[in-house]
Amino acid sequence: MLQRSAPERERPPLMSCGRFSTSDPEIAVLEVTKLLAPHHLVIDDVARFHVLARRAELRGASLDYMSYRSSMTIHRPPQRGYVAVIVPVAGTVAVHFNGTGPQQVPNGSLAVLPTDCPVELQYRDDACLLIVSAETDALSAGLRRIAPQVDAEGLRFDGVVADENGPAHAFYGLSAFVAGVVDRYEAPSGIPRNVVDALKDQIISTFLLALSHSRSEMMLRAGSPVASRVVRQALEIIAADENAEHSVSDIAAKLGVSMRSLELGFRKELDRTPQQYLQAFRLQRAHDQLCVARPGDGTTVTEVAIRCGFNHIGRFAKLYKQVYGLPPSVKLRG
Numbered sequence: 001m002l003q004r005s006a007p008e009r010e011r012p013p014l015m016s017c018g019r020f021s022t023s024d025p026e027i028a029v030l031e032v033t034k035l036l037a038p039h040h041l042v043i044d045d046v047a048r049f050h051v052l053a054r055r056a057e058l059r060g061a062s063l064d065y066m067s068y069r070s071s072m073t074i075h076r077p078p079q080r081g082y083v084a085v086i087v088p089v090a091g092t093v094a095v096h097f098n099g100t101g102p103q104q105v106p107n108g109s110l111a112v113l114p115t116d117c118p119v120e121l122q123y124r125d126d127a128c129l130l131i132v133s134a135e136t137d138a139l140s141a142g143l144r145r146i147a148p149q150v151d152a153e154g155l156r157f158d159g160v161v162a163d164e165n166g167p168a169h170a171f172y173g174l175s176a177f178v179a180g181v182v183d184r185y186e187a188p189s190g191i192p193r194n195v196v197d198a199l200k201d202q203i204i205s206t207f208l209l210a211l212s213h214s215r216s217e218m219m220l221r222a223g224s225p226v227a228s229r230v231v232r233q234a235l236e237i238i239a240a241d242e243n244a245e246h247s248v249s250d251i252a253a254k255l256g257v258s259m260r261s262l263e264l265g266f267r268k269e270l271d272r273t274p275q276q277y278l279q280a281f282r283l284q285r286a287h288d289q290l291c292v293a294r295p296g297d298g299t300t301v302t303e304v305a306i307r308c309g310f311n312h313i314g315r316f317a318k319l320y321k322q323v324y325g326l327p328p329s330v331k332l333r334g
């Protein structure tokens, strides 16, 4: 079994990212709920109980360091916001997925906690662990970047325990790498945004490429790239157009083809028109930007809409609500 020393350095990870430290079970449940998800906590020895938590927030992903004293059981109901990977550092951890029997998660292995699945975690002895999390919206956006031809709707990860092969290697290295970069800064607020985004992209890519999920086969299949060179190049132009400057006619002209040829190619390869794809892609980009906005950072719906190519704010708001079920202003407020 792997004995990874990187996360267990002499100086514990994420020292500048302290969130809370408490021996009060009620406070622990409240604070862990804020970080991860609502849950129920059963403690074997309340007199010994203590929990410490540190978190590095990465705009759509995160790395947590959790230290639990006393054996306990955590019951987490299904949730939709994120997928988490538990990387044990010390102690004994067991996981139950959807009421199934316990699976041991020793040091050197990992457990993937999916969405829409009740999970029970049992800690025996004093346990320390790293938790790498990725928000579902960020994972869908990452899949669209890696494989634009794959439908990101319905992306689901499997609840599994993996030993030292493949995924465990990837996530032990990932957690040590992210913690090492974060620990170079005196405070999380001092980490430049481009560094935060680079760390987030590293996490998202590792989730999509190292873990089993509902789109793995389509994403990795040898024949998965769009067959048509013109359509593939059009998708690359759309993805790279961060300021939404290109219309469909601009894209056709840039590729040296007629609008009709481009439309026929899109209908054949993607079963939609170039305009339909362009609008859906830009709407998703606007949604992603609203999701990662934080209170007080100055982001406005108008700014996001215009940046993503929607110059009529009323039409943007109507279209957004049709697709995502709520107004963009509500999404921005969290």
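Counting from 1, one number per residue, gives the positions in the sequence shown under UniProt numbering. Using N, Cα and C, we set each Cβ at its ideal position, and we do this for glycine too.
Taking the alpha helix (DSSP H) that R184 falls in, what are its first and last residues? It is not in any alpha helix (DSSP H) - R184 carries neither H nor E in the DSSP assignment.
For G298, which residues of its own chain have a beta-carbon under 8 Å away from its beta-carbon, when the five flanking residues on both sides are left out? none
Mark V323 as exposed unless 16 or more other C-beta atoms lie within 10 angstroms of its C-beta, in which case mark it buried. exposed
Starting from V89, follow the beta strand (DSSP E) in both directions and report where the run begins and ends. 82-97
Are the CB atoms of residue 376 and T22 nearer to each other than 8 Å? Summary: the structure shown does not reach residue 376, with the chain confined to residues 1 through 334, and so no result is reported for it.
Do V93 and A53 count as a contact pair if the criterion is CB distance below 8 Å? no
Run through DSSP, which three-state label would M219 get? helix
Separation of I27 from A147, as counted between CA atoms: 43 Å
The stretch 99-112 / the stretch 70-81 touching (three or more Cβ pairs under 8 Å): no
What are the uninterrupted segments assigned as alpha helix (DSSP H) that are 4 or more residues long and contained completely in the UniProt domain "HTH araC/xylS-type" (232-334), given in chain order? 248-255, 259-270, 274-292, 301-307, 313-324, 328-333
Do you know whose CA, among A179, S247, A152, P167, lies nearest S62's CA? A179
Can you look up T22 in the DSSP assignment and give me helix, strand or coil? strand
Three-way DSSP call (helix, strand, coil) for T33 in this model: helix
Going by DSSP in three states, V42 sits in which element: helix, strand or coil? strand
Which same chain residues, not among the five before or five after V160, have their C-beta less than 6 Å away from its C-beta? V112
Determine whether the beta carbon atoms of V248 and L278 lie at a separation below 8 Å. yes
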